[in-house]
Amino acid sequence: MNWKKMVAVTLLAAWPGMALAADPIVGNWVAESGNTVRISACGSAYCLKVASGPNKGKEIGRMEGSNGSYKGTIMNPEDDKTYSGSVTLTSATQMKLKGCAMAIFCKTQNWQRK
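Just so you know, we're using the numbering used here here: the sequence shown kicks off at 25 and counts up by one.
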C-alpha cells in the first residue's frame with residue numbers, strides 16, 4: 025500500500041472518534057428572568073429549551089447560523105407567542121437575544137453563560 029492510501033485509511037478510521045468543536049452558542053444560558061435555557065444542536069439548527077423554572081422542558085426557539093450570529097424563531101413561554109428572533113454573541117459569556125413582531129416591534133434581552 026502506498027503512503028497516500030495509508031494516510032487516507034488512517035484518517036477514515038480516526039474520523040468517528042474525532043471530536044468536533046461545539047459552536048459557541050451551545051451551552052446553558054441565564055435569561056433575564058433568572059431561568060436557565062439550554063441551547064443544543066438539533067439537526068441543522070440550535071434548539072432553545074428552558075432548563076429551570078416554571079416552564080422547564082419547554083422548547084422556546086430554534087436558531088440557525090454560526091460563529092456568533094444566528095436567526096430563527098423565539099417563543100415567549102408565558103403566552104406561547106412566537107416571534108422572529110436573532111442571537112448575537114457579544115463575548116464568550118454574553119449574548120444579545122432579540123425578538124420581533126412584524127419586524128417593527130422588538131425587544132432585546134441580554135443573557136449570561138451559566
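The beta carbon of each residue, even a glycine, is placed where N, CA and C say it ideally should be.
Using three-state DSSP, classify residue i as helix, strand or coil.
i      : result
VAL50  : coil
SER108 : strand
SER57  : coil
ALA68  : Looking at the sequence shown, residue 68 is not Ala but Ser. In the structure shown, SER68 sits in coil (DSSP, three-state: anything other than H, G, I, E or B).
Which residue marks the beginning of the beta strand (DSSP E) containing residue i, and which one marks its end?
i      : result
ALA116 : Element bounds for ALA116: n/a, residue is neither H nor E.
ASN134 : 129-137
Length-filtered (3 minimum) beta strand (DSSP E) runs lying within the region 70-98:
83-90
Three or more C-beta pairs closer than 8 angstroms, one from the region 43-60 and one from the region 125-137: is that the case here? yes
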